[in-house]
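What follows is a short report on a single structure.
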Amino acid sequence: MAALVEPLGLERDVSRAVELLERLQRSGELPPQKLQALQRVLQSRFCSAIREVYEQLYDTLDITGSAEIRAHATAKATVAAFTASEGHAHPRVVELPKTDEGLGFNIMGGKEQNSPIYISRVIPGGVADRHGGLKRGDQLLSVNGVGWGWVRVVGPRPSCLCTAPAER
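Here full-length UniProt numbering is used: the first residue of the sequence shown is 1, the next is one more, and so on.
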């Protein structure tokens, strides 16, 4: 019999963690400064933003596998989304020259993981690094006009259409 998947509700978990921190503070067993610092982090707007992005990605990404695999993939996508938010906010075309050394970046994600394709690393000194148009965390929407049928763009985040000039 298949188990029902309960919707992800991290807000409840964070609230419960804050309650437990308050109990620990009242008990006097641990230094209150550290407990208060952790409580401030859990109640911060930044933590709320991370939680909201994580929950949205968790609900949106079509990832099959155990809950642990799904949580791990969602965590990676969340990190990529926040990394990407430092730069451009709209899709853009990045044209890189095709050379013998490749295009100078690594990717993560893809059809096997049923997730969008992201730039995981821009190789220092490589074509993409010298061009400056790609950043770690960018989502590739297409390469040379070929898109990914299994990918759905989630929310506003940096993405690019990567093209390389045709060989002559």
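Don't be surprised by glycine CBs; every beta carbon is placed ideally from N, CA and C.
Inter-segment contact for the stretch 27-46 and the stretch 101-111 is absent: fewer than three beta-carbon pairs are separated by less than 8 Å. If only complete runs of 3 or more residues are kept, the UniProt domain "PDZ" (93-152) shows the beta strand (DSSP E) at 105-110, 115-122, 139-143, in order along the chain. Excluding residues up to 5 positions away in sequence, Leu61, Ile63, Gln113, Ser115 lie with their Cβ nearer than 7 Å to the Cβ of Ala73 in the same chain.
Closest by C-alpha distance to Lys76, out of Arg16, Gln39, Tyr118, is Tyr118. Between the beta-carbon of Leu38 and that of Leu21 there is about 6 Å, and that keeps the pair under the 8 Å contact cut. Distance between Arg23 and Pro97, taken at the CA atoms: about 60 Å.
Taking all protein chains in view, the Cβ of Gln139 is crowded by 16 or more other Cβ atoms within 10 Å, so the residue is classified as buried. A direct Cα-Cα distance of roughly 23 Å separates Pro124 from Gly110. In the DSSP assignment, Thr60 falls within the alpha helix (DSSP H) that extends over 45-60. Membership of Leu10 in the alpha helix (DSSP H) is indicated by the continuous run 10-27.
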